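Everything on this sheet refers to the single structure shown next.
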Amino acid sequence: MSNCNTCKYWKPSYLRKGKMCCDFLDTITAEKPPSNVELEAWAHDDSGLMVELITGPEFGCVKHESK
Numbered sequence: 003m004s005n006c007n008t009c010k011y012w013k014p015s016y017l018r019k020g021k022m023c024c025d026f027l028d029t030i031t032a033e034k035p036p037s038n039v040e041l042e043a044w045a046h047d048d049s050g051l052m053v054e055l056i057t058g059p060e061f062g063c064v065k066h067e068s069k
């Protein structure tokens with residue numbers, strides 16, 4: 003099954019201790035975003051904004067890649 007717990011992108015969160023997140027977001031560039039995944043975040047300053055997609059082990063995704 004294509005769930006987070008079997009996906010190579012599912013890794014420990016940098017921002018929330020004890021949580022897991024999807025690292026697929028780090029593979030997306032603004033120049034060539036995938037057609038079926040969309041996430042927008044921006045900051046109007048130099049605050050060093052970071053974004054993570056926190057998921058559970060049974061979350062299903064069309065971008066799943068086996069470990």
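To convert a position in the sequence shown, counted from 1, into my numbering, add 2.
Glycine included, C-beta positions come from ideal geometry on N, C-alpha and C.
Owing to the predicted nature of the structure, the values given are computational and were not obtained by experimental measurement.
TODO: Output yes if chain C places a C-beta closer than 7 Å to the C-beta of residue 47; else output no.
DONE: This model lacks chain C altogether, as it is built from one protein chain only.
Task: Exposure label - residue 16; buried when at least 16 CB within 10 Å - done: Position 14 of the sequence shown holds residue 16. It is exposed - the Cβ of residue 16 has fewer than 16 other Cβ atoms within 10 Å.
Open item on the list: I'd like to confirm the pairing. Which residues does DSSP put opposite residue 14 in its beta bridges?
Closed with: By 1-based counting over the sequence shown, the position of residue 14 is 12. Bridge partners of residue 14: 22.
Task: Which of helix, strand or coil DSSP assigns to residue 27 - done: Within the sequence shown, the letter at position 25 stands for residue 27. Residue 27 falls in the helix class under three-state DSSP.
Task: Reduced DSSP secondary structure (H/G/I, E/B, other) of residue 9 - done: Counted from its first residue, the sequence shown places residue 9 at position 7. In this structure, residue 9 counts as strand in the three-state DSSP scheme.
TODO: Determine the direct distance from the alpha carbon of residue 51 to that of residue 68, and round the result to whole angstroms.
DONE: In the sequence shown, residue 68 corresponds to position 66, counting from 1. In the sequence shown, residue 51 corresponds to position 49, counting from 1. Distance between the alpha carbons of residue 68 and residue 51 is about 29 Å.
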